[in-house]
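In C-alpha cells:
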C-alpha cells in the first residue's frame with residue numbers, strides 16, 4: 001500500500017534559521033515524490049519533485065529535498081527561513097505508473113521575526 | 114503561474130440548493146482532478162478524468178457529480194447541497210505523457226452550506 005507520513009503537523013522557526021519538514025513514505029513501486037506549498041486562500045504550488053534522477057532535488061525559493069531510499073524519507077529543507085515561507089506544506093507520493101497523487105496530512109510552517 | 118481557474122472562489126448557500134463549481138484549464142491537459150480539503154487536513158481525491166467523456170470516482174466517496182464534455186472544462190455539481198458539503202474544493206490538471214503526474218492546481222473554491 002502507498003502512504004505518506006508527515007511527522008510534524010506544526011513547525012515553528014525564527015526568521016533566518018534553518019527549516020526541516022520531515023516526510024516518510026511507503027510505496028510498493030519506484031515512486032515519484034513531490035513537495036507542494038499552499039499559502040492561505042491559494043491553490044497548491046509545486047516546490048520540487050523527485051522522479052528517479054538525482055537524489056538531491058532543488059526547488060523554488062531556496063528549498064531542497066533529499067530522497068533516501070534506505071530510510072524511505074524525502075525531507076524538505078531550507079537553510080534560512082523567510083517570513084514569506086509561512087504556509088502549509090504537503091509531501092506527496094505517486095508510485096511509478098500510478099495515476100493518482102497520495103497526500104500527506106500537511107505541515108504548517110510558522111516563521112517568527 | 115499555472116493556467117487553471119476556478120469559480121467562484123467563495124460560495125455561501127443554503128441547504129438544498131443546486132450548485133456547480135467551475136474549473137477550466139488552458140494548458141491542453143487531458144487529465145483533470147477534483148479534490149476535497151477540510152481545514153487543516155490533507156487533500157482527498159473525489160473525481161478524476163483522463164479525457165473527454167471520461168469520469169471516474171476518486172478515493173473519497175462524494176455525492177457530487179462531474180462531467181467532461183470539453184478538454185478544458187471539468188465542472189463539479191452538487192444537486193442538493195448540505196452542511197456536510199462545507200469544505201474547500203480544489204481542481205487540478207496534468208499531462209498524459211511521462212511517468213509521473215505533476216499536477217497543477219487551481220486556487221480552490223471555499224464552499225459553505227448553511
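Protein chains in written order, with the working numbering: chain A, 1 to 113; chain B, 114 to 227. Using N, Cα and C, we set each Cβ at its ideal position, and we do this for glycine too. Remember, it's a predicted structure, so these values are computed and weren't measured experimentally.
In chain order, which beta strand (DSSP E) runs of at least 3 residues are fully inside the segment 17-89 of chain A? 19-21, 23-26, 31-38, 44-50, 56-58, 64-68 and 73-78
Quick test of the definition: if touching needs 3 or more C-beta pairs under 8 Å, does the segment 85-95 of chain A touch the segment 193-207 of chain B? Result no; under three Cβ-Cβ pairs closer than 8 Å.
So, at 8 Å on beta carbons, what are the nonlocal neighbours of residue 157/B in its own chain, with the 5 sequence-adjacent residues on each side left out? 148, 149, 150, 171, 172 and 173
Can you confirm whether residue 135/B, when its beta carbon is compared against all beta carbons of chain A, has any partner nearer than 8 Å? no
By DSSP, does residue 10/A sit in helix, in strand, or in coil? Looking at residue 10/A - three-state DSSP - the assignment turns out to be strand.
On a Cα-Cα basis, can you pick out the residue from 100/A, 102/A, 105/A and 87/A that is closest to residue 12/A? 87/A
Please state the DSSP three-state secondary structure of residue 113/A. Residue 113/A: coil per DSSP, three-state reduction.
Is any beta-carbon of chain A found at less than 8 Å from that of residue 215/B? For residue 215/B, at least one C-beta of chain A is nearer than 8 Å to its own C-beta.
Restricting to Cα atoms, I'd like to know which of 72/A, 32/A, 2/A and 23/A is closest to residue 10/A. 23/A
Spatial neighbours of residue 200/B within its chain, please: C-beta separation below 7 Å, excluding the five flanking residues on both sides. 149, 150, 151 and 224
Could you give the distance in angstroms between the alpha-carbon of residue 19/A and the alpha-carbon of residue 129/B? Rounded to the nearest whole angstrom, the CA to CA distance from residue 19/A to residue 129/B is 46 Å.
Taking the straight line between their C-alpha atoms, what separation do you get for residue 76/A and residue 85/A? Cα-Cα distance, rounded: 13 Å.
Between which two residues does the beta strand (DSSP E) containing residue 145/B stretch? 144-150
Chain C contact residues for residue 187/B, given Cβ-Cβ distances below 9 Å: Structure shown: chain C not included; protein chains present are A and B.
If you drop the 5 nearest sequence neighbours on each side, which residues of the same chain put their C-beta closer than 7 Å to that of residue 139/B? Answer for residue 139/B: 116 and 185, listed in chain order.
DSSP beta-bridge partners of residue 197/B: Residue pairing by DSSP places residue 197/B in no beta bridge whatsoever.
Applying a beta-carbon distance threshold of less than 8 Å, which residues of chain A neighbour residue 129/B? The premise fails here: residue 129/B is roughly 27 Å from chain A at the closest Cβ pair, so nothing lies under 8 Å.
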